[in-house]
């Protein structure tokens, strides 16, 4: 039960996979977000219907039913519903209703909608659905005709509040919740609800329309439940009435000339084929695929996006992709018919399929390559080496799109570059991958953007005009170029790449976002050059490039834009992380002014930049990459930096630089950096003095991290280590070295950690608790806690701790002897504390009792401040 | 049909997380990207899956615009840009760009601190998100791309708050964000020019309220603080790091100075310095009074307000402490509250709204016994006060803004349905424009009639001028020419130039008509009679009798022929070009009436 991470617990019927994109699905999951792994006991202790909740419930129901009492803020009813859903997951809904008749009274009261606010109406519909999900409870509610009253034609549909989207949404979600058993199916069929759902597919609210489509899928799947076992699936005409009704509605919609109706039908089918894995889908697809194919004959093709989604859903379905009426032919036709922009996502989806005919893959890849092939063709100087898709016909539509307007051209190029980028990182990436022409294309696009491409041909001239200075395309092309570094590229191409990267990095026109992408791409290409050269050293070309890069980096470190200075520093940190040990790199870097400029940025007015400068200089100095060449100056410079960072830690008004300093210090301590190793105790003491006063809890947490590294190292120093010794676990049991304990007591370390244990910020206390547990396990023998309890000064220490726990942090801990420290460690219930701290600190405020109390307490007090948000 | 479409994903008939999608002339813009503080699961963010059913967000959205730094307007931004994957431009004003990350960071720290949330955006994500921001100046027209432009106007409300005009060609939408039409202690009133947008999207928080003067609330606040410290009590004011905190600091600082009070005032967060730095830096965004007095004394340099140390809370005697967070739900403010709650001499003043589940919400709703961790019950004996200092336009202010901007239609967001309904009727009655109030997820579609700019050739204009008619300003004038639509541009030129440019040859279009005349004479004589008749009738026109016997009037040709079956009837074949269509029709009608009797 020490696990602190959160997880979703799947619903009993396993429908958590139900369209994971929809809010409907997510809101189901929400109910479980209180549950922790291994925390079943917590669920029962926090979320069940306990006596206190039972006591409060009637009063709350009375408030909800009273139209004169405005309900607290919107979120309360949502949270209340979450709680009821959780309760009904573990308890009998029927029992719940019988034990709390006020709930049924509330639902009955809603039948007189003139007396209820739309919010409560929507809530009641969803609540009724949640209860009726259990069949016995469904029957119980049906006996009083409550469900028919709520969901039937005489119910919600006739209310004037039906015009309010949240009420319609509540109606659908209520039905979604109850549609879990055969009785519910009959109810849906008899109550006329399905016809209403059909009409709600075209609802002006996106949320209602989307939920309506999903509900249809749900009803269809429920109708067909149990028809998969053994016997062959009959034709649609022999399916249950409800299923037939839905299928014929879909057919009618596909015949419709109105694009929204076609979209609705396609969406229903997409969800159906995406969600279900049953053999009846083959019959359904067999019946509907000709209709879907006929959409391709229309001009323009209606609902092209939805058609793409449907075809991919069918192609991904294991049942349908291997069926006789498989989707491949329609897929090929669609790829052929759609415009390049519409076909892109379908082509990418096709290439991502696990199983797919090779011809189709070739066709799809051709579509993705087409725009870049056109660019290459339009800008070719003379017949050169083979480009992309040489010799293949087509592409006139692509050319038209590229040349028709700026927005069409930019849209198509960005989409294509992003698709190819995604594709290259996937295992399904086509082979052979046309690395060289793609590189050429990426480079030429960047040239078109920065105006350095030759505009002599008419196509190139037009493209130059369209793409010059286009940041969107530049960013997309740089991202793509970065990804291309994964492939093997010949030396010439690499030179070409380095040249264009350098141009983007040094151009005064480059925007901060473009520069950031250029830095990222450069880093990837430098890494790839290592790969190409076969050893961990940079290739000669890369080194040559570095020689030109550092002056550019120097310029960027002085940029007036903080974004640029920051990206440049981040880039520098990465560079020295990777190649800080390499002689050539060191030489190039040290002969530039980059290290000095990085140091200067420690005083930058922007805190983000100061933090990045701390990280960069920390990295440079730990690699010995400071600007000054002589060794005596080195030492001075390093000590200067240590003091600079100490100064930042104690005085910087913002958290980022202080946090960065601690990260650097912790790393220096871990690496045994010379300055730190020279006098570790002084170092730790000074750092802790600064950190203990810090108001930023993350700085304090990192202070504890540093303490942990120090403890581990100090413990290691005092413990005999023999790599070849075979010891039983007992043999390593802690016998604390007296000097180790003395060291700990000499420093202000305990005061710092104990204060942290009672910190008002939970993560600090949690980290301190973990640290003390580690220390206790390492130092205190497993004997009982009683022995040295009343050591020389443990009484005063305990008093101080008591005060701290009560929130009075003023009193100091005083000197601590090793024995007293051990006694204290043993006497504290650290496990108990750890358990408490692992809980979210708002678990009480978020409890159902708290919610009910809050809702009751706000009655009559709302008018004053309800709308006063910010 | 061109149209403007608006879909709120948040702030549609609610006050929660503002996020409004606007499609205008094929461009898609997201207005604000806010977070709902009342949820601690993914419902706190707008449901971005509805933005586009397929395709990448970055390809679909042309830009995101953030109106101001409050979290219900920008809190979901790092989630949207770094976790959902939007990689396009984000626009906001300079102060918003500076202050937004502070608040996001503040909120992140509270969320991670209090709830131990791991699946939340990190500091690095906030920074990376802020690097995508393009900062704009007031009244600066910013080209997002060749077609889409935006412009910021002063909105009051908080430092850096702006209204944005979004314009594509001749179509435009104005989004107000939150605004205030009356100046307050440190900010001025919202202002926009008469930009006559197709649509004004306005907040409507106080749609039915006429707010009393803020002065009364301020006096009340100072009185309560003063009374408490006078009787030796401590005052806790939970605030968020920026915004209202600065406003209240100015209030107290001025009051302390005037009354010569010595009781210490502390600000617990380490962010004061930075916040005040920004208020100083963006002095031009504050109101006239602050700007005027800036030379003698900077209002944001506080003499009486000192940095807080955690140990101070235990000091005896009166004091005033500003502590974060503002809803008493974690950290420093909650810790101080716990210490001071038991003493009836003390007071907590909540200057803002608190969501359900927070201690702030509980005490504001009158709960006095709070269950804390470990089953402890905290009895609240200290006084609890609520004071609203929020700076939104009231009903009068909203009407004033509508009057100022003169939109073709209005759309209400950021308010409650009932109140919106009232305001909607009022706007429709008073301004005679349509007013909409979509719920979240509902799309409002407005047809527009875009005016398309057309270039006119100099030649054509000169020809028009040569006719002696001088153009008059604001008076529509008819001009004939040939419209050439080429390369997405429109030009009006003379037909001759059009033919030349397009390499076309002219086709002559002639209308013909047969007129039957009772005349027994020979064809030549009939033609002669026609000639004489027309010569007499059409004095202003050039009527000719040609040697081949035909008659012409301008381009109209008239030939006489014998009827094939009836020798007493002659057939007049009349033909004319489309330029002379009027005259041709007139002549035909004239000839159909017959010829005058020839003198015998």
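Residue numbers (the working numbering), protein chains in the order written: chain S, 4 to 873; chain C, 22 to 621.
Using N, Cα and C, we set each Cβ at its ideal position, and we do this for glycine too.
Are there 16 or more other CB atoms within 10 angstroms of the CB of residue i, so buried, or fewer, so exposed?
i	result
residue 684/S	exposed
residue 766/S	buried
residue 586/S	exposed
residue 754/S	buried
residue 530/C	exposed
Show which residues of chain C have a CB atom less than 8 Å away from the CB atom of residue i.
i	result
residue 700/S	130, 134, 352
What does residue i reach in chain C if we use C-beta pairs closer than 9 Å?
i	result
residue 308/S	73, 74, 75, 76
residue 571/S	What residue 571/S touches in chain C: nothing, since even the nearest Cβ is about 12 Å away.
residue 580/S	By Cβ distance, chain C contributes nothing, its closest Cβ being about 16 Å from residue 580/S, past 9 Å.
residue 418/S	76, 77, 80
residue 659/S	126, 144, 148
Which bits of chain S does residue i rub up against, with CB to CB less than 7 Å?
i	result
residue 60/C	78
residue 382/C	857
residue 167/C	409
So what's residue i in DSSP terms, helix, strand or just coil?
i	result
residue 676/S	coil
residue 77/C	coil
residue 114/C	strand
residue 577/C	strand
residue 715/S	helix
residue 103/C	helix
residue 185/C	strand
residue 660/S	helix
residue 400/S	helix
residue 597/C	strand
residue 512/C	strand
residue 172/C	strand
residue 29/C	strand
With a Cβ-Cβ cutoff of 8 Å, do residue i and residue j count as a contact?
i	j	result
residue 169/S	residue 125/S	yes
residue 110/C	residue 155/C	yes
residue 525/S	residue 486/S	no
residue 57/C	residue 37/C	yes
residue 455/S	residue 506/S	yes
residue 821/S	residue 745/S	yes
residue 859/S	residue 225/S	no
residue 337/S	residue 349/S	yes
residue 266/S	residue 343/S	no
Listing by chain order, which chain S residues have their CB less than 9 Å from the CB of residue i?
i	result
residue 388/C	856, 857, 860
residue 510/C	Those do not exist, as residue 510/C stays about 11 Å from chain S at its closest Cβ, beyond 9 Å.
residue 28/C	209
Going along chain C, which residues have a C-beta under 7 Å from residue i?
i	result
residue 414/S	80
Using a cut-off of 8 Å between C-beta atoms, extract the partners of residue i located in chain S.
i	result
residue 460/C	167, 168, 169, 208
residue 152/C	515, 516, 519, 566, 569, 570
Members of the segment 200 to 220 of chain S near chain C, C-beta cut-off 8 Å: Answer set for the segment 200 to 220 of chain S: 207, 208, 209, 210, 211, 213.
Positions along the segment 95 to 113 of chain S whose CB lies within less than 8 Å of some CB in chain C: With the criterion set as a beta carbon lying under 8 Å from some beta carbon of chain C, the segment 95 to 113 of chain S has no members that meet it.
Against chain S: residues of the segment 462 to 488 of chain C by CB proximity under 8 Å: 462, 463, 464
Interfacial residues, the segment 363 to 380 of chain C to chain S, with Cβ spacing under 8 Å: 373, 374, 376, 377, 378, 379, 380
Short-range partners of chain C found in the segment 501 to 534 of chain S, where Cβ spacing is below 8 Å: 515, 516, 519
Residues of the segment 392 to 425 of chain C with Cβ closer than 8 Å to any Cβ of chain S, in chain order: 392, 393, 394, 395, 407, 409, 411
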